[in-house]
Amino acid sequence: MSPMYPAPRYSGVTRVPPAPPAADALSLLRVGLAAKNADWAEQLRSGLRQLRADLHEHIAATEGPDGLYDEVRRSDPRLAGAVTRLRREHGRLSAMLDDLNARASREPDDPADPGGMRPRVRELLKQWGSHRRRDNQLVYEAMSLDIGGQD
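Numbering follows this note's numbering, in which position 5 of the sequence shown is assigned residue number 7; successive positions increment by one, without gaps.
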């Protein structure tokens, strides 16, 4: 605000602290993977829970009624094979998340990484990233126009 028009002050109202930034699943998982303290397991559990919710939301948007995948198959039938592969990947990602969530819920908070959670979480992140890239590529291919010249 301009010094000419200072912000109004109200009695009894104190400064409101800014809300903490919402941590996304991938950030939580990366922090958990990198942590050397005893909190790493809880950070992984939080990240896995959030990623599970994100995956459900993604599946609803892509496979649900009038979802992205049905739209792509209707508009460009040549991409039906890619849609089928992406749907299968949803099943694999769900199974990986279910397994990791089950392991995380029964593993104690041990800094020694019981059960080898960290390599499994790294693999999940790798698979999730690859899936999202293929999803984006599908959308790009479905929405791009052939602007090449005709002979």
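Glycine included, every Cβ here is placed at the ideal spot set by N, Cα and C.
Here the structure is a predicted model, which means the values were calculated and not measured.
- Proximity of the region 137–144 to the region 84–102 meets the contact definition, three or more beta-carbon pairs being nearer than 8 Å.
- An exposed status is given to R108, since fewer than 16 other beta-carbon atoms sit within 10 Å of its beta-carbon.
- In this structure, L35 lies away from N103, with their beta-carbon atoms at least 7 Å apart.
- In the three-state reduction of the DSSP assignment, P67 falls in the coil class.
- With a contact defined as Cβ atoms closer than 8 Å, R89 and E65 qualify at about 6 Å.
- In the structure shown, the three-state DSSP call for A144 is helix.
- By the C-beta criterion, the region 37–46 is judged not to be in contact with the region 67–79, since fewer than 3 inter-stretch pairs fall below 8 Å.
- Of A106, A97, L46, S77, the smallest CA-CA separation from Q129 is found for A97.
- By the C-beta density criterion, R47 is buried, having at least 16 other C-beta atoms within 10 angstroms.
- Exposure of M145 is indicated by the presence of fewer than 16 other C-beta atoms within 10 angstroms of its C-beta.
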